[in-house]
Each structure stands twice: as structure tokens, then as C-alpha cells.
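Here's the structure, in C-alpha cells; my notes come after.
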Ligand code: TRP
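In the working numbering, the protein residues as written are 519 to 892.
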């Protein structure tokens, strides 16, 4: 049995996503729900068609409400402990698409205290510095400044803190322990932190002065926080929070060898600020290949795109589904060699990053248009 772990603090092993849906008690994003969504959005993002976003909680309720003309907010976040990599960008890209399609306001939380509390080596100055670096990548995704508010927890605390206290009062230590696996050696800040992550889910109702729905696009490891949020929501008179959940982008060595892409492993991670030469070197050197030992064998027996990491990356970054299928078929039949597949992936990712980096530079001038500072 392959073993895996998925918690907000650790993701490892080869994840069985069907099993995870059951274990977490979330729902799969089925075709019926996607059809309902398509009625409102006119089309489906390829992340949905390819099941990169694959699960949800209460998304059906949010859709029904929006069908009736009741608006909802979007909320997502990023804990700043280092540079942004390709995996971080996936939920944000999807978030932007949702913002465009539904005209929704987005609250973007940067819990700079989270990484300070959970990481021995980072000071609050470090996490603040990373926060402002990461904000450039967030803005570069293309959010509408009129409909997007970004905030650092330490800067927006005068608004958030009292609501965090209202949340914290409704959560016992024993619930926190069973949800997150805390032990007696966790510090008090770590235990309190989940209250701060719940607050932005209630801010839509607080800001609008009436019950207002909130949809959170994020990777599935964050779901335990939002179970907590929904425990508390009815007790404070707020509607349940909805989530729409994605899979993890693997590191270059693949899910089975190193798990999700991680900022702490430089070599096998593609950062949002990597130059084409770095993308080229990393993919050529480290991307786990589904190819055969020799060219002859590969031509004869074909490769295995399903375990090939370069191919996996194309499913995330190559929007053209026809071309993607062609690559799949060619690689599987042996017509395409690993070097050729890697070349395509390098091109696709480099050109994506080139655009991203241009927008990232421009973002330096517009930070203040996005920030909420209480
Ligand atoms: N805890 C998240 C992280 O470690 C950051 C975060 C805060 C977040 N609020 C969120 C992520 C809401 C997704 C949705 O990166």
C-alpha cells in the first residue's frame, strides 16, 4: 500500500486522490456540477476539464446563490516563507479566472505570522520581506485591482484580531488537537493561528453587513482549516464557507520520489523568477522521465506519459487540449522521444514565465492599489 500524508503542514507520498476525497469528507467535482457551472460561466477552465481542480465543499450552494443573483466573494492565501514556484500559481490562476467569470471580489490573505510561528528559522522581518516579494507574483497573475484586496495579517490585525478572538472562543484545544494533530510541544501561536485563517471567510459577511457567501480556491491540504471555519460559522451566524480544491503540482522528480513541488528544494523546483536557461537545465537534468532505457526500445515499446513529469507539467500549462493529446499519443506510441517531450515542456513553461516576469516587474508600481491596511 502506498502511504501518503496530507495536512496543512505536511504533504508527502503518492496521493490517492479518490481515497483522500473520502478521508477528508469532501465531494468530487462531478460532471453534473460542472455543467451547472458552465451555464453561468459560458465555458470551463481547462483545470476543471482535466480534474486539476477535482473536489469541493458547498460549491453547489454558492452556484445556486449566484444563479439567484446573490454575489459571493473569493478568498485565498499565501504564507510567505520563500520564493513563489509554479505550484503556488495554479490556484491563483484559477482564482483570477473565477474573478473574471463571476465578477467576484477577492480577499487575498498573506499570513506572515503563520510562517514565523511554524518555522524556527524565520523572523517576522523575514516573512514580511517575503510577503512583499510574493505580492509581486500575486499581482502578476492579473487580478483586477478594483476587486482585489491583499493584506498581511500583521498589518490588518486591527480589523482581524477581534474576529479571530470570536472564532478562537468557539474552538477547544481538544478540537484543534484532533483536527491538526497538535501535541503539547506546539507553541500557543501555532494553536491560535487557525482562527486567523478563518477570519477572511467571514469578512464578506462583515464587510457587506449581511450574510455573504465565500468561495475558497486552494490546494486540498488547506481544507482542515476550513472544516474548523465551518464548525464555527453557524455559531457566529455566518453562512458555511465553500472551497474548490486542487491537486499538487509534483516536484521535478515526481510525486512518488519527492512529493509536491517545494520551495526548499532548489534543484527540482521551478521558481516564478527562473530564467529560460534555468528552466532548461532543471527540466533536462531532473524531470523524471517515462521514457525507455534506449532509443530503440522507446521507439518499439513507447513511453509512459502517465508517470512522466514533463508531460504532467504540460497538463497544467499547455492550454491547447488538441496539442496535449497529440503529445500524449506520440509519446506513448514511441514516435516522440523524451528529449523532444522535454523540449516542448521547456518552451511552454519558459514562455509562460516570460509573460509572468514582465507583469511581475510592472507590479512594483501598483502594490498600493491592492493593499488593505486597516
Ligand atoms: N496556510 C496557507 C499556506 O500555508 C496560507 C493561507 C492563508 C491560505 N489563507 C488561505 C491558503 C486561504 C489558501 C486559502 O500557504
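We put the beta carbon where it would ideally sit given N, CA and C, even for glycine.
Asked	Found
Given a cut-off of 8 Å on the beta-carbon distance, is the pair residue 666 and residue 698 in contact?	no
So, is residue 663 buried or exposed, given that buried needs 16 or more other C-beta atoms within 10 angstroms?	exposed
Rounded to whole angstroms, how far is the Cβ of residue 592 from the Cβ of residue 735, which I believe are closer than 8 Å?	7 Å
State buried or exposed for residue 544, treating a residue as buried only when at least 16 other CB atoms are found within 10 Å of its CB.	buried
Going straight from the alpha carbon of residue 886 to that of residue 856, what length do you get?	45 Å
Which two residues bound the contiguous alpha helix (DSSP H) that contains residue 721?	706 to 726
Less than 6 Å between C-beta atoms, sequence neighbours within five positions excluded: which residues of the same chain meet that for residue 715?	743
Look at the Cβ atom of residue 572, then the Cβ atom of residue 522, and state whether they are nearer than 8 Å.	no
Which term fits residue 639, buried or exposed, when burial requires 16 or more other beta carbons within 10 angstroms of its beta carbon?	exposed
Quick check: the Cα distance between residue 594 and residue 586, rounded to an integer number of angstroms?	24 Å
Is the separation between the beta-carbon of residue 656 and that of residue 884 shorter than 8 Å?	no
With which residues is residue 804 paired in a DSSP beta bridge?	Paired residues: none, contrary to the question.
For residue 825, which residues from the same chain have a beta carbon less than 6 Å from its beta carbon, with the 5 sequence-adjacent residues on both sides left out?	808
Quick one: grab the DSSP three-state call for residue 533.	coil
Entirely within the segment 807 to 858 and at least 3 residues each: give me those beta strand (DSSP E) ranges in chain order.	none
CB-CB under 7 Å to residue 633, same chain, minus the five flanking residues each way: which ones, in chain order?	597, 598, 599, 640, 645
So, at 6 Å on beta carbons, what are the nonlocal neighbours of residue 732 in its own chain, with the 5 sequence-adjacent residues on each side left out?	591, 593, 719, 722, 759
Quick check on residue 595: does DSSP put it in helix, strand or coil?	strand
Is residue 760 helix, strand or coil when you go by DSSP?	strand
Answer with buried or exposed for residue 876, where buried requires no fewer than 16 other C-beta atoms within 10 angstroms of its C-beta.	exposed
For residue 556, I'd like the list of residues in its chain whose CB is within less than 8 Å of its CB, leaving aside the five on either flank, ordered along the chain.	562
Are the segment 614 to 625 and the segment 835 to 854 touching by the rule of at least three beta carbon pairs closer than 8 Å?	no
Measure the alpha-carbon distance for residue 972 versus residue 524 and round it to whole angstroms.	In the structure displayed, the chain extends from 519 to 892; residue 972 sits before or after that span and is not available.
Please return the same chain residues whose Cβ sits closer than 7 Å to the Cβ of residue 677, not counting the five positions on each side in sequence.	892
Smallest Cα separation from residue 821: which of 790, 835, 836, 859?	859
Assess contact between the segment 783 to 790 and the segment 757 to 774, defined as three or more Cβ pairs (one per stretch) separated by less than 8 Å. Is contact present?	yes
Cutting at 7 Å between CB atoms, please list the residues of its own chain near residue 866, excluding the five before and the five after it.	832, 835, 836
At the level of alpha carbons, what is the spacing between residue 713 and residue 541?	23 Å
How many angstroms separate the CA atom of residue 704 from the CA atom of residue 854?	51 Å
Using a threshold of 7 Å, is the CB atom of residue 894 nearer than that to any non-hydrogen atom of the ligand TRP?	Given a span of 519 to 892 for the chain in the structure shown, any question on residue 894 remains unanswerable.
Assign residue 610 to one of two classes, buried (16 or more other C-beta atoms within 10 Å of its C-beta) or exposed (fewer than that).	buried
Pick from 577, 688, 781, 766: whose alpha carbon is nearest that of residue 496?	Look at the range of the chain in this structure, 519 to 892, and you will see that residue 496 is not part of it.
Going by Cα to Cα distance, which pick from 643, 745, 864, 675 is closest to residue 693?	745
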